[in-house]
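Report on the structure given below.
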Amino acid sequence: GENVEQHPSTLSVQEGDSAVIKCTYSDSASNYFPWYKQELGKGPQLIIDIRSNVGEKKDQRIAVTLNKTAKHFSLHITETQPEDSAVYFCAASPSNTGNQFYFGTGTSLTVIP
Amino acid sequence: NAGVTQTPKFQVLKTGQSMTLQCAQDMNHNSMYWYRQDPGMGLRLIYYSASEGTTDKGEVPNGYNVSRLNKREFSLRLESAAPSQTSVYFCASTISPGQPGDGYTFGSGTRLTVV
Numbered sequence: 298g299e300n301v302e303q304h305p306s307t308l309s310v311q312e313g314d315s316a317v318i319k320c321t322y323s324d325s326a327s328n329y330f331p332w333y334k335q336e337l338g339k340g341p342q343l344i345i346d347i348r349s350n351v352g353e354k355k356d357q358r359i360a361v362t363l364n365k366t367a368k369h370f371s372l373h374i375t376e377t378q379p380e381d382s383a384v385y386f387c388a389a390s391p392s393n394t395g396n397q398f399y400f401g402t403g404t405s406l407t408v409i410p
Numbered sequence: 406n407a408g409v410t411q412t413p414k415f416q417v418l419k420t421g422q423s424m425t426l427q428c429a430q431d432m433n434h435n436s437m438y439w440y441r442q443d444p445g446m447g448l449r450l451i452y453y454s455a456s457e458g459t460t461d462k463g464e465v466p467n468g469y470n471v472s473r474l475n476k477r478e479f480s481l482r483l484e485s486a487a488p489s490q491t492s493v494y495f496c497a498s499t500i501s502p503g504q505p506g507d508g509y510t511f512g513s514g515t516r517l518t519v520v
């Protein structure tokens, strides 16, 4: 099955700096890559996603890039704010698995005011 | 619009006890999922239901059963709880079975402790 690796496991940045989280996947059949933000005591919430026919997608301060050849994708957060502090999960969904998602192990992001 | 509602939010069980975790969604989604979240392990799929009337095993189905009661509701049952099932359980739903859709909508989770 699909294997998703996520790095780093923890990340601390100063407010206003950028944060980058990287994920790799193993299954070339994966064609959908969502990113989730999980705040303490809450369920994960979709923040951005990208499909395999697109190399980059941006939504305000958040962007995701995808390199299909290398099988890796990254989340970029610019101008970080304290409210960006949370755990972020990447996921990959192979096209032949009934919309199953395989998640990375998460990155705990702390934005220091 | 409630989204995905899970009950209970917290539960403590003794080893060997049984319980059912309830999940309901009001978004007319076709597919529903049960995940467990453990420290350092991310989210792992237990069971899913691609559409009403169907259920399939995920990565970690042992010790669990599910029922897709109707389009809205998808329950997860632990027949004989074990300490290894101590975890946070999330229910999720999405509109498109078989194809990547809009991503999952998650519930707020059930924190289960088995002693």
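As they're listed, the protein sequences go chains A and B.
What the first sequence shows, in the working numbering, is residues 298 to 410, in sequence order.
What the second sequence shows, in the working numbering, is residues 406 to 520, in sequence order.
Built from N, CA and C at the ideal position, the CB exists for glycine as well.
Only counting the same chain, and skipping five residues up and downstream in sequence, which positions put a Cβ closer than 8 angstroms to that of G403/A?
Q303, S306, Q335, V384, Y385 and F386
I want to know whether the region 417-437 of chain B touches the region 360-377 of chain A - three or more CB-CB distances under 8 angstroms.
no
I'd like to know if S513/B contacts chain A, where contact means its C-beta is closer than 8 angstroms to some C-beta of that chain.
The beta-carbon of S513/B is placed less than 8 angstroms from the nearest beta-carbon of chain A.
Which word fits G338/A, buried or exposed, when buried means at least 16 other C-beta atoms lie within 10 angstroms of its C-beta?
By the 16-neighbour rule on beta-carbons within 10 angstroms, G338/A is exposed.
Hey, how far is the Cα of S382/A from the Cα of H369/A?
Going from the Cα of S382/A to the Cα of H369/A covers about 23 angstroms.
Could you name the residues that DSSP lists as bridge partners for M424/B?
L483/B
Compare the C-beta of F479/B against all C-beta atoms of chain A and say whether one is closer than 8 angstroms.
no
Check whether chain B comes within 8 angstroms of D346/A, counting only Cβ atoms and requiring the distance to be less than that.
yes
Taking G447/B as the query, report the chain A residues whose CB atoms sit under 7 angstroms from its CB, ordered along the chain.
Those are F386, F400, G401, T402 and G403, listed as they occur along chain A.
Who pairs with Q311/A in a beta bridge, going by DSSP?
I409/A
Please determine, among K414/B, G447/B and A486/B, the residue with the shortest C-alpha to C-alpha distance to Y333/A.
G447/B
Against F495/B, what residues of chain A qualify as contacts under a CB-to-CB distance less than 9 angstroms, listed in chain order?
G340 and P341
Can you find a C-beta in chain B that's less than 8 angstroms from the C-beta of P410/A?
no
For the beta strand (DSSP E) holding D381/A, just list the boundary residues, first then last.
First-last for D381/A: undefined, no H or E at that position.
Output, in chain order, the set of chain A residues within a Cβ distance shorter than 7 angstroms of L450/B.
Q397
Taking 8 angstroms as the CB-CB limit, is G458/B close to chain A?
Among the residues facing chain A, G458/B is not included, as its CB has no counterpart in that chain under 8 angstroms away.
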